[in-house]
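A.B. asks: Attaching a single structure in structure tokens format; questions to follow.
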Amino acid sequence: MESNEASQGTFREKCKSYVSPLRKMQIVSLAAIVISCSLFLFSAAFELFTLLRIFLLFALLGVIGEVIAFLKIKKLKCYRCNTNLAYLFLDPNYSKTGTSLIFPNGLPDNVTECPYCHADFQK
31 MESNEASQGT
41 FREKCKSYVS
51 PLRKMQIVSL
61 AAIVISCSLF
71 LFSAAFELFT
81 LLRIFLLFAL
91 LGVIGEVIAF
101 LKIKKLKCYR
111 CNTNLAYLFL
121 DPNYSKTGTS
131 LIFPNGLPDN
141 VTECPYCHAD
151 FQK
């Protein structure tokens, strides 16, 4: 997210609109991985070898989607000091989620300012 995008709406709203599609991408990618791996095992058990490559391809696409979401979240920066704020979403201690496999909906409620330059995220 570029620093000049924060001029419309609050930074918190911009973060939420930036992270929301990435969160959906993660959910779809994880579902693709789980479903295709289970179908892969099912087809391997019943010797349906022609389907194995298709299910492996879907699992690979799920992994690629997950990696893309993580790489895009790394571009989230403070609008004032351009410091990387991705750890607020990736670290379960800050995001207040049990896992970092799926991003939270937005910035954590207890984070109201940039930890580095103290820029207000409500503006």
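Residue numbers (our numbering): 31 to 153. Glycine residues also receive a C-beta, built at the ideal position from the N, C-alpha and C atoms.
Could you spell out the range, first to last residue, of the alpha helix (DSSP H) harbouring Q56?
C.D. replies: Numbered from 1 along the sequence shown, position 26 holds the residue referred to as residue 56. From DSSP, the alpha helix (DSSP H) with Q56 extends over F41 to A75.
A.B. asks: Where does N140 sit, in a helix, a strand or coil, going by DSSP?
C.D. replies: Numbered from 1 along the sequence shown, position 110 holds the residue referred to as residue 140. Correct three-state label for N140: coil.
A.B. asks: Identify the residues that DSSP records as bridge partners of K107: which are they?
C.D. replies: Mapped onto the sequence shown, residue 107 falls at position 77. N114, per the DSSP bridge assignment.
A.B. asks: Tell me which residues share the same chain as F79 and place their Cβ nearer than 8 Å to its Cβ, disregarding the 5 neighbours each side in the sequence.
C.D. replies: The residue you call residue 79 lines up with position 49 of the sequence shown. The residues are S73.
A.B. asks: With a threshold of 8 Å, are at least 3 pairs of Cβ atoms found where one atom belongs to the stretch 139–152 and the other to the stretch 56–63?
C.D. replies: Between the stretch 139–152 and the stretch 56–63, the count of C-beta pairs closer than 8 Å stays below three; the two stretches do not touch.
A.B. asks: With DSSP collapsed to three states, give me the class of S33.
C.D. replies: If you number the sequence shown from 1, residue 33 lands on position 3. For S33, the pLDDT reaches just 47, beneath the cut-off of 50, and the residue's location in the model is therefore unreliable, although a value from the coordinates is still provided. Collapsing the DSSP output to three states places S33 in a helix.
A.B. asks: Can you list, in chain order, the residues of its chain with a C-beta nearer than 6 Å to that of S66? Leave out the 5 residues immediately preceding and following it.
C.D. replies: What you label residue 66 is simply residue 36 of the sequence shown in a count that begins at 1. Closer than 6 Å at Cβ, skipping near neighbours: F85, F88 and A89.
A.B. asks: Go through its chain and collect everything with a Cβ distance to N135's Cβ below 8 Å, but skip five positions before and after it.
C.D. replies: As a working mapping, residue 135 is identified with position 105 in the sequence shown. Cβ neighbours of N135 beyond the five flanking positions: K46, V49, S50 and R53.
A.B. asks: Here's the rule I'm using: 16 or more other beta-carbon atoms within 10 Å means buried, otherwise exposed. How should E77 be labelled?
C.D. replies: By 1-based counting over the sequence shown, the position of residue 77 is 47. Looking at its Cβ environment, which holds fewer than 16 other Cβ atoms inside 10 Å, E77 is exposed.
A.B. asks: Using CA atoms only, rank isn't needed, just tell me which of F133, R110, R83 and L115 is closest to K153.
C.D. replies: Position 123 of the sequence shown, counting from 1, holds the residue named residue 153. The candidate whose alpha carbon is nearest that of K153 is R110.
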